[in-house]
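> Take a look at this one; I'll ask things after.
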Amino acid sequence: MSPDTTPRRLVVQEDALAWLRDNPTPPAASVVTSLPDVSELPLLGVEGWLRFFVEAVRCVLRWLPVDGEAIFYQTDVRHEGRWIDKGHLVMLGVDQEGAALLWHKIVCRQPPGTTTMGRPTYSHMLCVARAPRLILQRGPDVMPEAGTSSWSRGMGEEACRVACRYLTTSTPTRIVVDPFCGRGTLLAVETP
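Reading the sequence shown from the start, the letters are residues 349 to 540 in this note's numbering.
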C-alpha cells in the first residue's frame, strides 16, 4: 500500500519571525510568502518598516534548509511621493545573507499599458536560495496575469500555482511554509 500523498494544510497563527526563530526547519522545506506592506505595520513608520522588511527576508533565508528555496511575491508601493521597490528590499536581505537570486519574474496585475494611481500594475516574484544552483526549468520571466485573489494585496491564484509547481517539480521541496500568509490564498489554491 502506498503512503497517502494527499496534500495537507496546517495553519499556525503566531508571530512569523518568532516562529521562524523558534522552530527547526524540517527536511525538504521551502518558503513562498509575501511580506507585509508598510500600510499593514503603521506603528513602525516607513523607516522602521524598511528595516523590518529586510530583517524578515534575512530571517526567512536563515531558516531555509541547504536545499530549500524561498519565493517572495512582492508589489512595490508608493508612499508619500516615494516609490519603494520591494524587489530591491528583498535583494538587500539576500545580499546581506550571502544568498543567491535564482530567478526573478514580473507578474502582471493589470494588462500592460494600464495606468493606476496606487500600486504598480506588476509584482515581483523572486526565487532565492542560500547558495547558487543551476535551474533547468524556471519558466517564463513575465507572467501575463497573477490570477484572482481574495484581497487586493494578496498573491493571485495563478502566481501561487506557478510557485508551487516550480518547487514540487524542480526542487526536493515537499513542505511549503508561508510565514506571512495574509488571507491564505497559497493554502487554498489547488496545485497539480
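C-beta: ideal position from N, C-alpha, C; glycine also.
These figures come from a predicted structure and were not determined experimentally.
Taking the CB atoms as reference points, tell me whether GLU493 and GLY502 lie closer together than 9 Å.
No; because the gap between Cβ atoms is not below 9 Å, this pair is not in contact.
> Short of 6 Å in beta carbon distance, which residues of its chain neighbour VAL490, apart from the five on each side in sequence? Order them along the chain.
Hits under 6 Å: ILE454.
> Taking the alpha-carbon of THR519 as reference, which of GLY461, LEU450, PRO459 has the nearest alpha-carbon?
Checked all of GLY461, LEU450, PRO459; the closest Cα to THR519 is LEU450.
> Let me make sure I understand the geometry here. Which of ASP424, LEU368, LEU392 has the alpha-carbon closest to that of ARG410?
Residue LEU368 is the option with its Cα nearest to ARG410.
> Any idea which residues DSSP pairs LYS434 with across the strands?
Paired residues: none, contrary to the question.
> Hey, would you say GLN422 sits closer than 9 Å to LEU392, going by beta carbons?
Not in contact: GLN422 and LEU392 (Cβ atoms no closer than 9 Å).
> Would you tell me roughly how many angstroms separate the C-alpha atoms of VAL524 and GLY466, rounded to the nearest one?
If I take the Cα positions, the gap works out to 31 Å.
> Should ASP526 and VAL379 be called a contact, given that it needs their Cβ atoms to be closer than 9 Å?
Yes, the Cβ-Cβ distance between ASP526 and VAL379 is below 9 Å.
> Of all the options ASP433, LEU440, ALA477, GLU362, which has the alpha carbon lying nearest to the alpha carbon of ILE419?
Residue ALA477 is the option with its Cα nearest to ILE419.
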